[in-house]
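*Asks:* So the number in this note's numbering is just where the residue sits in the sequence shown, counting from 1, plus 500. C-beta: ideal position from N, C-alpha, C; glycine also. Sharing a structure below in structure tokens format, with a few things to ask.
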Amino acid sequence: MRRLVILIVACGVLAGCYTSGQRGGRATMAIYDFGPPPAALAQPVRQSPALEVWAPLWFDSQSIAYRLHYADAARLREYTRARWAGPVAQMIEQRTAQRLGLAMAGQGGARCIVRVEMIEFSQSFSAPANSVGVLRARVALLDLSRRQLAERMVHIERNAPTADARGGVAALTAAVDGLAEQLRAWERLFDGQGTPGCAD
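See below:
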């Protein structure tokens, strides 16, 4: 009888573990993107310059990354119950191209390319209740032969409204929109300097 009771209890525990693992616990997975671009900034697609965004493997995933600078800044952490809808580089490229009215590299006859190489894209906590979305990148203007015509570094921080994945997504979305604004200003600068072969 005792063995039967132990067997029943063990089966119950195993069934509970299986169900929990299968369903991922009570919390459902939250999937985020950057939302629709503001209608006021939508533009007809221009063929030149084209845009491409690169990211290192540890950022170019669907994980929403964060750092605890007050505990261990070198450790890159991930939210377990939230993720991006797609790879980060692809999402940033699509969002920024939409806001600037640019074609993405490889989709048209661009005479030059704006390349954004992501260095950091994470939610950074200075304290348990305080965080910002951080976007750092190297931006280069390339001609058709991939010769570099100009370069600049970008560092953007935006405050997170809440100290969780939802707040991090809001801050990082604002940082991506800040990237578009800086690229727009930079494009006007190099156009004004007569950079060859870039204008439509």
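In this structure, does DSSP put G633 in helix, strand or coil?
*Replies:* In the structure shown, G633 sits in a strand (DSSP, three-state: E or B).
*Asks:* What do you get for C517, buried or exposed, if any count of 16 or more other CB atoms within 10 angstroms of its CB means buried?
*Replies:* Residue placement at C517 is flagged as unreliable, the pLDDT there being 39, under the threshold of 50; a coordinate-derived value is accordingly withheld.
*Asks:* Which one of G678, T673 and E620 has the shortest CA to CA distance from R567?
*Replies:* Checked all of G678, T673 and E620; the closest Cα to R567 is E620.
*Asks:* Going by beta carbon distance, what residues of the same chain come within less than 7 Å of E617, once the five residues before and after it are set aside?
*Replies:* Excluding sequence neighbours, E617 sits near W554, A637 and R638.
*Asks:* With burial defined as no fewer than 16 other Cβ atoms inside 10 Å of the residue's Cβ, what is the status of A660: buried or exposed?
*Replies:* Buried, by the Cβ-count rule.
*Asks:* If you follow the alpha helix (DSSP H) that R595 is in, where does it begin and where does it stop?
*Replies:* R595 -> alpha helix (DSSP H) spans V588 to L600.
*Asks:* Are the beta-carbon atoms of V676 and F559 separated by less than 8 Å?
*Replies:* Going by C-beta atoms, V676 is not nearer than 8 Å to F559.
*Asks:* What would DSSP say about L672, mapped onto helix, strand or coil?
*Replies:* DSSP places L672 in helix when its eight states are reduced to three.
*Asks:* Assuming R599 contacts P536 under a Cβ cut-off of 8 Å, what Cβ separation, rounded to an integer in Å, is found between them?
*Replies:* That belief does not hold up - the Cβ atoms of R599 and P536 are roughly 11 Å apart, past 8 Å.
*Asks:* Tell me where the beta strand (DSSP E) around L568 begins and ends.
*Replies:* Counting along the chain, the beta strand (DSSP E) containing L568 begins and ends at S563 to L568.
*Asks:* Leaving out five residues before and five after S520 in sequence, what residues of the same chain have Cβ atoms less than 6 Å from its Cβ?
*Replies:* Since pLDDT at S520 reaches only 36, below the 50 mark, its modelled position is unreliable, and the value read off the structure follows with that caveat. Once the five neighbours on either side are set aside, S520 has no close Cβ partner at all.
*Asks:* Report, in whole angstroms, the separation of the C-beta atoms of S624 and V634, which I expect to be a contact under 8 Å.
*Replies:* With a Cβ gap of about 5 Å, S624 and V634 count as contacting.
*Asks:* Looking at the strands, I want to know which residues DSSP matches up with S622.
*Replies:* In the DSSP output, where bridge partners are listed per residue, S622 has V634.
*Asks:* Where does the unbroken beta strand (DSSP E) through W558 begin, and where does it stop?
*Replies:* Run containing W558: none; DSSP gives neither H nor E here.
*Asks:* Of all the options C612, L672 and E687, which has the alpha carbon lying nearest to the alpha carbon of D643?
*Replies:* If we check each option's Cα against that of D643, C612 comes out closest.
*Asks:* Once DSSP output is grouped into helix, strand and coil, what is the label at A571?
*Replies:* In this structure, A571 counts as coil in the three-state DSSP scheme.
*Asks:* With distance defined between alpha-carbon atoms, name the residue in S622, V588 and S631 nearest to E578.
*Replies:* Comparing Cα-Cα distances from E578 to each of S622, V588 and S631, the minimum goes to S622.
*Asks:* Excluding sequence positions up to five away, which residues of its chain have a Cβ less than 7 Å from the Cβ of S563?
*Replies:* Excluding positions up to five away in sequence, the list reads E578 and R583.
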